[in-house]
Structures are given as structure tokens and as C-alpha cells.
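Quick note, the sequence shown lines up with residues 7 to 739 if you use the working numbering.
Ideal Cβ positions, reconstructed from N, Cα and C, are used throughout, including at glycine.
Structure record follows, encoded as C-alpha cells.
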Amino acid sequence: MSAVTKVSRRSFLQTTGLAGSGLILGVRHGWASLIPVPGLDPESSVFEPNVWVSIGEDGVVSLTVHRQEMGQGARTTCCMLLSEELEVDLEDVKVVQALGDPKYGNQSTGGSTTVRLNWFPLRRAGAAAREMLVEAAARRWGVPAADCRAESGAVLHGSERLTYGELAAAAAELPVPEDPSLKDPADFKLIGTPQRLIDTEDMVRGDAVYGYDVDLPDLLVASVERSPVAKGSFLSYDADAARAVRDVVDVIELEPNATGLTNAGVAVLATNTWAAMQGRAALNVQWEPGPLATETSDQRRAELEQIASEPGTVGRAEGDFEAAAASAERIFEATYYAPYAVHAMMEPPAATAHVQGDRCDVWSATQAPQWTVGEVAGALGIPGSNVAVHVTLLGGAFGRKSKPDYAVEAALLSQKSGRPVKVLFTREDEIRHAFYHPESYQVLRAALGPGGSPTGWMHRSVFPAIGWTFPDGGATPGGQERGLGLTTMPYRFPNIQIEAGRVASSVRIGWMRSVCNMFHATAVQSFMDELAHELGRDPVEFHMAMLGEPRIMEVEGSDSQFPYDTGRLKAVGEAAAEMAGWGRTLPARQGLGFAMHYSFFSYAAMVAHVSVSQAGELTVHRVDTAVDCGPVVNPDAIEAQMQGAVAMGLSLAKFGRISLREGAVEQGNYHDYPVVRLPEMPRINVRIIQTGDVPTGIGEPGVPPTMPAVLNAIFAATGVRIRDLPLEGQDLS
């Protein structure tokens, strides 16, 4: 549901702190997100506008943005949508970052939803305001509104011109159009044009405020030594040694949060970051590791394999795979493994809290401000209405900053110390105390009939579901997680059996960019490549033949509003192959690898061009990618997202391994959990295909096909088939 209404100046002023004169419109948005917001009811019929558009009598246009900026261009895109219909220049729109508040609907920035959910609401708001301003000008001139036009923040009639500021007060007295007229896309002036991020200058000059940058009078900085094993507790520590460090003010224990969000820890509070870190180093904490202390990566893998040997929960069944297998001339089978992975974003988590009586202000680099409100309120024992979450810019996030554990720690430490406290994760903290991308073990089988004709497909995926509070025995992956690349397999096999296995996790699990699509796309696209070679067929030709004629898929993960169209998937696949010159002759030990995938209602395909030296050194020279994410708002942002997706996918393919020893994460920084560096980055070519009427996801769809494209290219270059990730440590020679 989306609608536009007028908002009282009092309400606007109370929420935004901005002057409330002029025209103020409220917009209600949709709700869809992968990140749940406890306490919010998406079916509520109560209308509370959750985003405000205001035009002051000074002509300043302000947009309250209820989504977060983490480098993906969310704030810029929202402003473009409004500016297009409002007929105001992009540089003349001022962004106001929304506080965390239920009135904004679902503020969680995740699931590649920002553009999709804002496409109509913000355009309608701009169109409604434009029509009201035009009507106000027409009445002042005594002419029909149809004879006037809006342009660059003003209304024109012949040689007469009135600015929006001059018209704002009069427009505010008019009724809001129930169904404002939206532009025909053919008339767009701004949407579809490349625009740099509106925050770029502040970022370059160092004026942008991230979580790490927040500063308050009398601020203490906290560095927290946390249990290295989830569910662990502390036995002893040397508080006196920590307090002996110059500028250390206090040492405070933190018990595990009641919801399981935070682990036990000991915080050292100081007047500066260095002192807090040095005091923490002096603590000499002795831990009781708890029930997960026996967990190792080898043990975990063996458990996954065992579970994968038994039937799982069926997510999709068509025909009779067992009968097809029984009558098949042969069965082709492969298994794929991917370990735990971590986000490794540039800015580790950071939050500042100031508790004063029964009120708390939080400044946080968070993807989920409303969840932050709820968790902080619960931890402090105060009403959620007494918590204000101020959202900073996020220096990368990838899902990690949807979890507000660091904000809860800051709030508790502020309450205990009586001063504002900033909690800063170090890089080691970020890697060792994350909410990890789940590990997975997958078994795929293809039944092959006479002449090698594919007659059956079986895919069993075993992975811990996102249940970060450690439910007993783990959580069975539900339809949403199965729909992330597992049950959405698009190829036409007469008999299909798709299952998910249940396994508990030994670390906290959370969302990571593209979520389960990563390991599911790797398995499906690698297996299709293997099957093509097994049958002596060209991989791209085999993919296209198995897609068959375009159809609408009705499986888990599909949506009637955004139907899963295999014709669109085929189009991006053919485009990527054409871009790469698929089929061309390459020198020895070079190869092309193809992969394509549907996720977040978008379609992406990639061809990777790699070479592998005789010593086994991998070089990825080029990645050609085609993407269809519907109508394009900012093509620069789409290209940047696809480039970033390749960088992340390549990093995970080459290095992405979190391993456990005695329940604790072994990695701690970029030296043992690397990401690709500039010299390792390939040339990336992006082709954007526009299909459909509404934009779909773009933040995540580029990651899943990256890994299998590279793995398939390695096989083409060397004949070496990689089924376990990461590549690091494997012999490619």
C-alpha cells in the first residue's frame, strides 16, 4: 500500500526538527524486507505516513529518507524518484535521515528493496506536490492549470514564473490529489541518467559522518573483550591491570543479552580509543567456553555430509525422481561444500549511546534502526518510545549491520557508567564476533536416459537456517530460504526433487549479501556446467536448451507482482555470452566460464575469462555481465553494484573461509581472511537490460553468478573441477 496525504506542521516538526512552514506531504510505503522488524504489523490498516516531503517558503525541498546509505546509493535514488515527478533539480533536494521509528514502516535496508518499494510512493509524492503547486499558481494567475507547467522548481505560464517557495503556503491549503498523474517513462529527464551520489563530496572531503565518527561531550570509548566461543562466560579477569592504563576510566562486565543477541564480555572504558584498546589487552580474561567448545570445522563438515546422506524436507517435487533414477541409464552426481563466511566490510560496527534517566539516544551505523530501538529498549528496561536512533552513514554493511548487538552494548555501558559511550569493534572483533553466512553441503544428482537425455534432477542442500539464537537442533530452512536459489532452479527436467536438510549451527548466523543464493547458485551453475561437459555439449547451449521456451515459474521465492520469467533469464545469459565472445579460441590454460542466476526478482549472468599458470596461479582477466533489474533509475549505481558484486564474489571464491577450532573462529584480520586487492580485480563490463514496469533488486543479484562463472572458467582452462570453496590452498596446476 502507498498513499500521499498532508501532514500537520506540528507532527513534522516533532519528528524531523525542521521548520514546518510550507507544503508538507506524507507518504506510506510498502513493507517487504528480508529483515524482520519485531512489533510491526504489515497488515495494519492504520494510516501513518512514514516519509515526509516538504517544500518550505524559502523554496528548499526536503525529503526524509527512511532507508540507510551504505554506499549503494539509496539516498541518491530516493531523491531522483522524487525530483523527477516534482520537477525540481536533484541538487536542490535536501536529505533528512529518518530516525528509527515504527511510523516509517519497515526501515530495514536489506533484501535489495529500496528502489522497488520507493518506485511508486516517492514518484506519487512528487507528482502530487507538483499538481498542487501548479494549481496554486494557476489560481493566482486566474488561468487553467492545464496551461501551466512545472520546471526546475518553479511553475511557468508564458513569461510568468513563480517559484515553489512562493507557492508553498498556498499549495498547502489545497486538497491532495488522490491519483496524481505520473509521467510516461518516455518523458523522464532524470530517471535513467547517470548521477553521482549526493553524499560524494562529503565523503571525499571527510565531512561525512559514519558510525566511527560520532563525538559527544564527555564521551567514553569502549573496547569489549567478548567470549571467543558463542555461549561462553568469563571466569576471571584483571580489572586492576586495565585500570592502571593511563586514561582508562572503568571496567564493566556485560552479561549475554536476554534475546541471545550479545555474548558475554568485559568492556574497558577510556577517554580515547588507544587507551581503551590497551586496557583491554591488559585484562587477561579467562573464559569458560561453554557447550560449543568442542566444535571444529572438520567435525562440522562430517556432520553436514551425514545429514546430506538422508532425505530432507521437500521444497519442490515434480514427477517422480526416484522412478526416473531407477530407470536411468546412468546417474551423474556431484557434491559441493562452502564454509562459513564473514562480511569483512570496510567499517567495522560502531555505535554511540547516551542514557539519561529513562531516555536513550543512539547514534549507530545500522541497517535496522527499528530493531535497534526494540533491542536497546528491552536491554535498558524502558519503553521503545524513549529510544531515539540516529542513523549515520554506513561504511559498508552487507547484512552484518542489521544486527544491533553493538548498539545494545553501548546503551548498557552508558547506563552503567552514567556517560555517553561509543563502542568500537576492531577488525578482529568484526571477524571473530560476527553473524556469519552459513556453511553448506549440497548433493546434486541428474538421471540420464537414452542418449544422455536428462530425465531427472535431485538437489539436497544442508545448511543452518538463520536462527541466531541457537534453537535446539537448529531450524529447518523455510520456504523463504529455500526460495533463495534452491527451489527456484529454472531448468526443464521431467522429474524434480529438491530438499533441504536441518542442521544446528555452532556460530551465530545472519544475513550476508545475497544470502543462500550464493552457495545455491554455485552448486546449480557448477553442476549444469559439469553435466554439459559430461554430455559433450556446449555449456551455454545446454543452459539455453534446458531453459526451454520462456515461461513464468511458480515456485518458492516467486511473486505474483514480480513474476519469475525464464525468458528474462535467458536474455541476460545470451547477452553475457555475446559480450564475452563465447566460443572463441583462447590460448592454452585460459578459459571462459558461464553462469546465470535469478535472485531478488532480478536476473544476472556472467562470463569469466581466466588463466591459470603452470604453477597454479589464477588470474581473472575479465568478467562480462548482463543484468535485468527492470527500469533503471541510476545506471551508474547499477554498474557500481555489479562491479562491487564481482569483487565480493571473487573474494569469497578465492579466500572466503571462516574455520573453527575448539568452538572459536580462527581468522582475525585481512591477513588470514583476505579480500581481493586492486591488482587482482578483473576488467568488468556491464550491460543493463531493461524489462518490466517496476525496478527489482540490484544490491545482491550480482554476487551469486560470480563464483560459479570463475569455477567453470578454471575447469575450461585446466580440466580441474573445483567443488569445495574457497580456492585458496587448492592445487590448480
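Among C522, P496, G597, nearest to M550 - alpha-carbon criterion: Residue numbering aside, residue 550 sits at position 544 when the sequence shown is read from its first letter. Taking only the C-alpha atoms, the option nearest M550 is P496.
Here's the rule I'm using: 16 or more other beta-carbon atoms within 10 Å means buried, otherwise exposed. How should T445 be labelled? The residue labelled residue 445 in the question sits at position 439 within the sequence shown. The sequence shown places Glu at residue 445, rather than the Thr named in the question. Result: buried.
In terms of DSSP beta bridges, what is W369 paired with? Sequence index remark: in the sequence shown, residue 369 carries index 363 (1-based). Beta-bridge pairing links W369 to T358, H396.
Residue range of the alpha helix (DSSP H) that includes N718: The sequence position of residue 718 within the sequence shown is 712, counting from 1. That run of the alpha helix (DSSP H) goes 709-724.
Near V652, what residues of its chain come up, given a Cβ to Cβ distance below 6 Å and the 5 sequence neighbours on each side ignored? Taking the sequence shown and counting its residues from 1, the one referred to as residue 652 is at position 646. Counting only Cβ-Cβ distances below 6 Å, and skipping sequence neighbours, we find V629, I690, T712.
Within this structure, are the beta carbons of Q103 and P375 separated by less than 7 Å? As a first step, residue 103 must be located in the sequence shown, where it is residue number 97. As a first step, residue 375 must be located in the sequence shown, where it is residue number 369. No, Cβ-Cβ distance for Q103 and P375 is not below 7 Å.
Answer with buried or exposed for N290, where buried requires no fewer than 16 other C-beta atoms within 10 angstroms of its C-beta. By 1-based counting over the sequence shown, the position of residue 290 is 284. So N290 ends up on the exposed side.
Fully enclosed by the stretch 566-652, which alpha helix (DSSP H) runs are 4 residues long or longer? 572-586
Compare the C-alpha of L684 against each of R130, S617, T625 and name the closest. Counting from 1 along the sequence shown, the entry for residue 684 is found at position 678. L684 has its Cα closest to that of T625, out of R130, S617, T625.
Just how far apart, CA to CA, sit S665 and A329? Walking along the sequence shown from the start, residue 665 turns up at place 659. Walking along the sequence shown from the start, residue 329 turns up at place 323. If I take the Cα positions, the gap works out to 40 Å.
Where the alpha helix (DSSP H) through N124 begins and ends: One-based indexing of the sequence shown puts residue 124 at position 118. Looking at the DSSP string, the run of the alpha helix (DSSP H) that includes N124 is 120-147.
Under 7 Å, do R508 and G480 count as touching if we go by C-beta distance? Translated into the one-based positions of the sequence shown, residue 508 becomes position 502. Translated into the one-based positions of the sequence shown, residue 480 becomes position 474. It is a contact, given that the beta carbons lie within the stated cut-off.
Contact under 7 Å by Cβ, F441 with R514: As a working note, residue 441 is residue 435 in the sequence shown. As a working note, residue 514 is residue 508 in the sequence shown. In this structure, R514 lies closer than 7 Å to F441 by Cβ.
Let me make sure I understand the geometry here. Which of Y243, P262, G325, R306 has the alpha-carbon closest to that of A288? Within the sequence shown, numbered from 1, the residue matching residue 288 stands at position 282. Ranking the options by Cα distance to A288, first place goes to Y243.
Under three-state DSSP, which class holds R81? Mapped onto the sequence shown, residue 81 falls at position 75. Helix at R81.
DSSP three-state assignment for K100, whether helix, strand or coil: By 1-based counting over the sequence shown, the position of residue 100 is 94. In the structure shown, K100 sits in a strand (DSSP, three-state: E or B).
Which of the three DSSP states, helix, strand or coil, is assigned to Y170? Taking the sequence shown and counting its residues from 1, one reaches residue 170 at position 164. In the structure shown, Y170 sits in a helix (DSSP, three-state: H, G or I).
Using a 10 Å radius around the Cβ and a threshold of 16 neighbouring Cβ atoms, would you call L241 buried or exposed? Position 235 of the sequence shown, counted from the start, is the residue given in the question as residue 241. Classification for L241: exposed.
Alpha-carbon to alpha-carbon, Y447 and R307: Sequence index remark: in the sequence shown, residue 307 carries index 301 (1-based). Sequence index remark: in the sequence shown, residue 447 carries index 441 (1-based). If I take the Cα positions, the gap works out to 8 Å.
Nearest neighbour of I61, chosen from D634, S89, L731, K422 [CA to CA]: In the sequence shown, counting from the first residue as 1, residue 61 sits at position 55. Ranking the options by Cα distance to I61, first place goes to S89.
If we ignore side chains and look at the alpha-carbon of each, how far apart do L188 and T70 end up? By 1-based counting over the sequence shown, the position of residue 188 is 182. By 1-based counting over the sequence shown, the position of residue 70 is 64. Near 21 Å, if we compare the C-alpha coordinates of T70 and L188.
Would K407 be called buried (16 or more neighbouring beta carbons within 10 Å of its own) or exposed? Sequence index remark: in the sequence shown, residue 407 carries index 401 (1-based). Its Cβ being crowded by 16 or more others within 10 Å, K407 is buried.
Taking C-alpha atoms, which residue in R322, A192, G705, G77 lies nearest to V521? Within the sequence shown, the letter at position 515 stands for residue 521. It is G705.
For D730, does the three-state DSSP call read helix, strand or coil? Sequence index remark: in the sequence shown, residue 730 carries index 724 (1-based). Looking at D730 - three-state DSSP - the assignment turns out to be strand.
Rounded to a whole number of angstroms, what is the C-alpha to C-alpha distance between G36 and A715? Sequence index remark: in the sequence shown, residue 36 carries index 30 (1-based). Sequence index remark: in the sequence shown, residue 715 carries index 709 (1-based). For G36, the predicted structure reports a pLDDT of 47, less than 50, and the residue's modelled location is therefore unreliable. A value from the coordinates is still provided. Computed Cα separation, rounded: 35 Å.
Pick out the complete alpha helix (DSSP H) segments inside the stretch 318-363, 4 residues or longer, and give them in chain order. 327-333
Could you tell me the alpha carbon to alpha carbon distance between I695 and G650, rounded to whole angstroms? Residue mapping note: residue 695 aligns to position 689 of the sequence shown, counting from 1. Residue mapping note: residue 650 aligns to position 644 of the sequence shown, counting from 1. One C-alpha to the other measures close to 19 Å.
Y442 - partner residues in DSSP beta bridges: The count along the sequence shown starts at 1 and reaches residue 442 at position 436. For Y442, which the question treats as bridged, DSSP gives the partners I515.
What do you get for D737, buried or exposed, if any count of 16 or more other CB atoms within 10 angstroms of its CB means buried? Working through the sequence shown from its first residue, we reach residue 737 at position 731. Under this definition D737 is an exposed residue.
Measure the C-alpha to C-alpha separation of V59 and S391 and round it to an integer number of angstroms. Taking the sequence shown and counting its residues from 1, the one referred to as residue 59 is at position 53. Taking the sequence shown and counting its residues from 1, the one referred to as residue 391 is at position 385. Cα to Cα, the separation comes out at about 23 Å.
Report yes if the CB atom of K428 is closer than 7 Å to the CB atom of V272, and no otherwise. The residue given as residue 428 occupies position 422 in the sequence shown. The residue given as residue 272 occupies position 266 in the sequence shown. It is not a contact, given that the beta carbons lie outside the stated cut-off.
Outcome for I558 when other beta-carbon atoms lying within 10 angstroms are tallied against a minimum of 16: Locating residue 558 in the sequence shown gives position 552, counting from the first residue. Per the 10 Å Cβ criterion, exposed.
Would you grab the beta carbon distance between V33 and V182 for me? Rounded to a whole angstrom, and I think it's under 8 Å. Within the sequence shown, residue 33 is the residue found at index 27, counting from 1. Within the sequence shown, residue 182 is the residue found at index 176, counting from 1. Not really, about 11 Å apart at Cβ, beyond 8 Å.
Can you find a CB in chain C that lies within less than 7 Å of the CB of L592? Protein chains in the displayed structure number just one, and chain C is not present.
Out of curiosity, what's the CA-to-CA distance linking G735 and L492? In the sequence shown, counting from the first residue as 1, residue 735 sits at position 729. In the sequence shown, counting from the first residue as 1, residue 492 sits at position 486. Roughly 28 Å between the two C-alpha positions.
Three-state secondary structure assigned by DSSP to L40: Taking the first residue of the sequence shown as position 1, residue 40 is located at position 34. Low confidence applies here, because L40 scores a pLDDT of 39, under 50, leaving its location unreliable; read the following figure in that light. Residue state, collapsed to three classes: coil.
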